[in-house]
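Just add 103 to the spot in the sequence shown (first one is 1) and you have my numbering.
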Amino acid sequence: MASKQFVEAVAKMPAKTTMSIGNIVDGMMEEAIVGHKRYTGEVMNGMGMDRHLLGLRLLAAEHGVPLPELLRSDIYQRLLHFRLSTSQLPSAHVLPMGFGPSAPDCYGVCYNPQENHIFFTITAFNDCAETSAERFANALERALLDMRDLVDWAGRLKGRAKL
104 MASKQFVEAV AKMPAKTTMS IGNIVDGMME EAIVGHKRYT GEVMNGMGMD RHLLGLRLLA
164 AEHGVPLPEL LRSDIYQRLL HFRLSTSQLP SAHVLPMGFG PSAPDCYGVC YNPQENHIFF
224 TITAFNDCAE TSAERFANAL ERALLDMRDL VDWAGRLKGR AKL
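What follows is the structure, given as structure tokens:
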């Protein structure tokens, strides 16, 4: 939730003013980072909201048991429809990796963070009018450049002497 609030605040920010930048970077951005790290840790430790249901589905298949009604429901099928599927490939080397989207109207994004840059592989089905890997890549680049500018601007503000 903190990440969403941060993005909405940046999107609504009229201009790079001392007050708006300071409030967003000092407060909201830090909250978003802390929240994202916490959620990522939970998911990596098998505590993602879909992991328990996946376990039930795999156990049913392994033992030849019919799927429970919950796992056959429309709501569960919608839960499995990830419009954006991402995965980090942490490697010091540049490895061309990627994976396809989970459905025709989805994206697959593999990324490899390096010390001074990030490599991305973005995939989408060409025959879906709703998705475009090129448009997604352009929007991602704009967002990352905006983040860089925001952090740089905040750093300059913090470097100023307070009167």
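Glycine residues also receive a C-beta, built at the ideal position from the N, C-alpha and C atoms.
Report back the beta-carbon spacing between residue i and residue j to the nearest angstrom; my notes put them in contact at under 8 Å.
{"i": "residue 243", "j": "residue 223", "result": "7 Å"}
{"i": "residue 106", "j": "residue 139", "result": "6 Å"}
{"i": "residue 214", "j": "residue 192", "result": "7 Å"}
{"i": "residue 182", "j": "residue 153", "result": "7 Å"}
State the Cα-Cα distance for the pair residue i and residue j, rounded to the nearest angstrom.
{"i": "residue 188", "j": "residue 132", "result": "23 Å"}
{"i": "residue 241", "j": "residue 235", "result": "10 Å"}
{"i": "residue 278", "j": "residue 115", "result": "Any answer about residue 278 is impossible in this case: the structure gives the chain only from 104 up to 266."}
{"i": "residue 130", "j": "residue 226", "result": "34 Å"}
{"i": "residue 165", "j": "residue 157", "result": "12 Å"}
{"i": "residue 149", "j": "residue 155", "result": "8 Å"}
{"i": "residue 195", "j": "residue 171", "result": "44 Å"}
{"i": "residue 180", "j": "residue 217", "result": "36 Å"}
{"i": "residue 143", "j": "residue 112", "result": "22 Å"}
{"i": "residue 207", "j": "residue 178", "result": "19 Å"}
{"i": "residue 219", "j": "residue 253", "result": "17 Å"}
{"i": "residue 210", "j": "residue 259", "result": "36 Å"}
Here's the rule: buried if 16 or more other CB atoms are within 10 angstroms of the residue's CB, otherwise exposed. What is residue i?
{"i": "residue 231", "result": "exposed"}
{"i": "residue 168", "result": "exposed"}
{"i": "residue 265", "result": "Annotation note: pLDDT 43 at residue 265 (below 50); position unreliable, coordinate value reported separately. Exposed."}
{"i": "residue 257", "result": "buried"}
Which residue comes first and which comes last in the beta strand (DSSP E) that contains residue i?
{"i": "residue 223", "result": "221-226"}
{"i": "residue 215", "result": "210-216"}
Provide the residue span of the alpha helix (DSSP H) that contains residue i, from first to last.
{"i": "residue 113", "result": "105-115"}
Start-end ranges of the beta strand (DSSP E) lying completely within the stretch 124-186, minimum 3 residues: Entirely contained in the stretch 124-186, not one beta strand (DSSP E) run reaches 3 residues.
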